[in-house]
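Going letter by letter, the sequence shown gives residues -17 to -1, 1 to 212 in mature numbering (1 follows the signal peptide of the UniProt record, and there is no 0).
Structure first, commentary second.
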Amino acid sequence: MLRLLIVLGFCILGCRAACNTCNANGVSCISETEFQFCSSASDPIGTLYTCPTGYYCTESTPICSSVASSAGCTGCNKCSSDNRFACTSRNTFALCLGTSTPSSSIGGSCGTNNVCNVGNPNICGSPATYAVTCSRSGTPDCDTTAIKNATEYCQTIQTAGKYPYGRITSTTCRQYVNCYTAAGIFYGNVYTCPGLTYFDSTSKLCTTQTQARCSDTVSCLTLNARLLP
Ligand SMILES: *[C@@H]1O[C@H](CO)[C@@H](O)[C@H](O)[C@H]1NC(C)=O
C-alpha cells in the first residue's frame, strides 16, 4: 500500500511536469503549447507542432486542451517567483524586468555546458546540480555584433525606462541604459550606479547585490539577438 502511494505521489508530481517525454496519448509536450509525435519506440520525432491559441499540450486526450490546468511541460517562459528571469529553452533565458511576463527582447544564453533552471539564483548551472526547467532545444548565439550605442539600444527596445546594459561584473553590470523619447524619437544614455553597486534589472535600482545576469555561468546577454557588453 505504501509503495502504491509513493508511485502515485511520484506520478502526480512527476507526470504533470514532464517535458520531452512520450505520453500515453502518443505525443511529447515540448513546452506548454508545443508538441511532437512519438515513434513506436516512444521517442519524440519529426515536426514541432503548436496547439491553437488558447490551447495547451496535454498528456492525455485531446492532445490540445483549453483547460490550462491540464497542460504538461509548464516550465518554459514562466518567470521566477521574484520576476527576475524565465527559461526559454534548455540553455537560453529571458529577463522578466520585474514583471511576470518574460521580455521578448532582453535575454541570454547559458552556453553548452550549463542549463537554465528557474530556481537557480545564477540562472544557469551544471545539469548535474540543476534540473532543466524548459526542455525544448534553444539556439544560444553569443557571436553576434554588440550594441554599444545607448540610442541604438533604446531604438531597438522602443520603451522608456531603465534597462540593464551588460554583464561584466566590474563594469557594465554596474551600468544601466535610460531610454526616453523626445519629439517621438527614442534616445538613450548610459549611467553608472554609485559606489560599488550593481544595476538590478528587476527593481530598476542600484543595489549592493551581485546580479544573476552577471553570473559566470551565463555566457552572454542579448538584446534582440545582438550582444550586450
Ligand atoms: C549612436 O547612434 C546614434 C543614432 O544612430 C548616432 O546619432 C550617435 O552619434 C551615436 N553615438 C555614438 C557615441 O556613436
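Even glycine gets a Cβ: it sits at the ideal position worked out from N, Cα and C.
In this text the structure is predicted, and so the values were computed from the model without any measurement.
query                                                                                                                                    : result
Where does Ala143 fall in DSSP's three states?                                                                                           : coil
When every heavy atom of ligand 1 is checked, does at least one fall within less than 6 Å of the C-beta of Asn105?                       : no
Heavy atom of ligand 1 less than 6 Å from the Cβ of Asn132, yes or no?                                                                   : yes
What's the gap between the Cα of Gln192 and the Cα of Gly102?                                                                            : 17 Å
Is Ala54 buried or exposed, if buried means 16 or more other CB atoms sit within 10 Å of its CB?                                         : buried
Would you kindly check if the distance between the Cβ of Asn74 and the Cβ of Cys93 is under 7 Å?                                         : yes
So what's Glu17 in DSSP terms, helix, strand or just coil?                                                                               : strand
State yes or no: is the C-beta of Cys107 within less than 7 Å of the C-beta of Thr200?                                                   : yes
Mind reading off the beta-carbon distance from Cys79 to Ser87? Whole number of angstroms is fine, and I expect it under 8 Å.             : 11 Å between Cβ atoms; not a contact.
Cutting at 6 Å between CB atoms, please list the residues of its own chain near Asp183, excluding the five before and the five after it. : Thr190
Ser14 and Asn105: beta carbons closer than 7 Å?                                                                                          : no
Could you pull the start and end residues of the beta strand (DSSP E) that Gly171 belongs to?                                            : Ile168 to Thr175
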